[in-house]
Amino acid sequence: MTNRFRALPLRSRLALLVATAVAVAVAVVSTACWFVVRGKLYEELDGKLHSVSANTPLGTVPIAAALRACPPAPPEGGEGDGPKPDYYYVQLARASDNNPCVFADSAGTVKVTSGDRSVAAASDPTVETYRNGTDTAGKELRVLTVAAQARGPGGGIVEDTAVMFAVPLTETQGTLDDLALLLLLVSGIGVVGAGAAGAWVARAGLSPVDRLTGAVEHVARTEDLSVRIPVEGEDEIARLSRSFNAMTAALASSRDLQQQLIADAGHELRTPLTSLRTNIELLARSEETGRAIPSDDRRALLASVKAQMTELAALIGDLQELSRPDVGASGRVQVVALHEIAQTALDRARLRGPELTFTAQLEPWYVRADQAALERALVNVLDNAVKFSPPGGEVEVHLRAGELSVRDHGPGIPPEELPHVFERFWRSPSARALPGSGLGLSIVARTVREAGGEAALAPADGGGTRAVMRLPGAASPPPPTP
């Protein structure tokens with residue numbers, strides 16, 4: 001049953017749930033209403049019976065006489081004719097047996113029960129009970145039984161008895177039946193109306209979801225990420241629509257960046273591959289024709305091939321670095337010593353620029369980052385400083401309170417080019433002839449951003465460029481985790 005319910009459309013489920021909830025509520029209210037009315041009607045009948053019992057002059061002598069006569073049924077077949085308005089059943093019940101003594105003016109004979117006999121045996125005039133019963137003809141009655149005593153001429157108790165008063169329930173039951181039919185009719189109309197209202201509410205409430213579903217299906221079918229859903233209000237549907245719009249916008253931006261990356265990578269790869277192919281073809285033609293290339297030219301060609309292979313390897317490495325997942329997703333984040341990583345990168349930079357002077361002041365600083373990615377970023381920054389420093393120049397490296405700065409004394413960066421330095425494959429026109437892929441600073445910006453910091457380049461006072469990386473951390477390592 002649960003699986004069938006879940007298989008229904010959401011709109012049908014909502015309508016069914018609303019109809020079921022209303023049906024249960026209407027059923028509870030109708031049942032409560034019927035019992036309340038029934039109690040009020042019975043209360044009125046009980047009041048009439050009590051009034052009749054209080055106003056009926058039944059002394060001990062009439063009771064004793066009635067017991068002596070003890071008529072088994074009312075005269076002239078009163079039962080068959082049915083009770084007249086305000087015509088009551090009146091009879092005596094013995095504690096010793098179930099045979100009643102019916103008064104002459106009684107409308108019929110009420111069946112005596114063990115409860116009536118218990119009241120008679122109590123011999124306490126204050127004891128009275130109300131119940132539903134029947135007469136000997138099967139008519140339903142409301143019965144009041146009151147304890148009484150039959151005394152003889154000498155004052156002694158002749159027998160324990162009880163007086164029974166009853167009134168027909170025909171009109172009361174008819175009223176209750178009419179009320180039950182009316183409540184059933186109203187409940188049915190209410191359930192049908194609730195089902196219709198539930199279907200309308202489900203249709204109106206789920207119309208934004210239908211639009212969202214249509215948009216998702218359109219995107220899945222056509223891969224058109226330009227679809228946007230109108231956002232109205234601040235409810236959950238509006239939040240879902242806003243999130244969907246943000247998701248499609250992010251996907252579109254990611255796809256555009258991916259396409260741009262592929263196009264830029266293809267452009268950057270084409271130049272070294274073309275040069276590499278030309279050099280290899282020259283070497284191969286020399287072997288095929290038997291015409292030897294002069295040794296100096298051959299060495300130059302081989303050196304060019306080696307340099308182009310190195311450039312290709314560096315470009316492929318940069319592309320792999322850019323394509324890797326975020327460090328948070330890869331789980332490679334750990335507490336690392338930034339000053340030690342900076343010292344390692346500085347040692348590698350000294351090998352690349354032996355003619356340069358390096359000055360370093362590195363204070364302890366610990367950060368949460370990917371150690372390999374952070375070292376690669378520092379190497380890229382120092383490589384740029386080495387690349388653009390003049391022969392015999394100086395490179396200054398400082399690390400203080402989480403701020404790492406690398407300053408060179410090269411030509412510097414024009415102000416109009418500063419906004420583009422961290423873009424992928426962007427290279428200054430003045431640096432196009434130098435080796436590089438244009439991805440180094442882009443990798444630096446990404447790595448620093450993943451570590452929660454920021455990177456910037458600015459002209460240095462007195463000439464040159466100053467690269468700054470600010471990383472959150474602490475001057476001492478955290479305590480070891482047990």
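Okay, so the sequence shown: first residue is 1 according to the UniProt record's numbering, each after it adds one.
Where is the CB? At the ideal position from N, CA and C, for every residue including glycine.
Own chain partners of L338 with C-beta closer than 6 Å, once the 5 adjacent residues on each side are dropped: W365, V367
Three or more C-beta pairs below 8 Å linking the segment 27-38 and the segment 182-200: In short, these stretches touch, since the Cβ pair count reaches three.
Secondary structure of G417, DSSP reduced to three states: It should be noted that the sequence gives Glu, not Gly, for residue 417. If DSSP states are grouped into helix, strand and coil, E417 belongs with the helices.
Y89 in three-state terms, based on DSSP: strand
For R131, the three-state DSSP class (helix, strand or coil): Residue state, collapsed to three classes: strand.
Nearest to V448 (by Cα), restricted to the options V468, S275, I316: V468
C-beta contact flag for L301 and L362 at 8 Å: no
C-alpha distance - S12 paired with R211, whole-angstrom precision: Taking the straight line from one Cα to the other gives about 18 Å.
Simplified DSSP state of P478, which is helix, strand or coil: Three-state result, P478: coil.
First through last residue of the alpha helix (DSSP H) which encompasses F388: 371-388
Local conformation of H398 per DSSP, three classes: strand
The segment 129-144 in contact with the segment 157-172 per 3-pair CB rule at 8 Å: yes
4-residue-minimum alpha helix (DSSP H) runs that sit fully inside the segment 159-229, ordered along the chain: Counting only runs of at least 4 residues, the segment 159-229 fully encloses the following alpha helix (DSSP H) elements, listed from N- to C-terminal order: 170-222.
For L92 and L49, the rounded distance between their alpha carbons: 15 Å
Whether L225 touches V219 by CB criterion (8 Å): yes
Distance, L41 Cα to D105 Cα: 25 Å
First through last residue of the beta strand (DSSP E) which encompasses E454: 454-459
First through last residue of the alpha helix (DSSP H) which encompasses R117: 114-122
Extent of the continuous alpha helix (DSSP H) run through L346: 338-352
Assigned secondary structure, E232 (DSSP; H/G/I helix, E/B strand, else coil): Coil.
Three-way DSSP call (helix, strand, coil) for S275 in this model: When secondary structure is reduced to three states using DSSP, S275 falls in the helix class.
The alpha helix (DSSP H) enclosing R446, as first and last residue numbers: 440-450
T129 vs G115 beta-carbon contact at 8 Å: yes
Contacting residues, own chain, Cβ-Cβ under 8 Å from D296 (five flanking each side not counted): No residues qualify anywhere along the chain.
Helix, strand or coil at F358 according to DSSP, with G and I counted as helix: strand
Spatially closest choice to T113 from A107, P391, N132, by CA coordinates: N132
From M247, E223, P208, residue whose alpha carbon lies closest to that of P230: P208
Coil, strand or helix - T465 by DSSP: strand
Rounded distance between the beta-carbons of P354 and L312, thought under 8 Å: Actually they do not touch by this definition, with Cβ atoms about 25 Å apart.
C-beta contact flag for S241 and N279 at 8 Å: No, Cβ-Cβ distance for S241 and N279 is not below 8 Å.
Own chain partners of R350 with C-beta closer than 7 Å, once the 5 adjacent residues on each side are dropped: F358
Residue closest to L16, alpha-carbon to alpha-carbon, out of I413, G233, W200: W200
Among A385, G392, E234, E423, the one whose alpha carbon lies nearest that of R466: A385
DSSP three-state assignment for V146, whether helix, strand or coil: strand
Those residues which DSSP pairs with S295 across a bridge: BP columns for S295 are empty, so no partner.
Rounded straight-line distance, which links the Cα of R239 to that of G233: 9 Å
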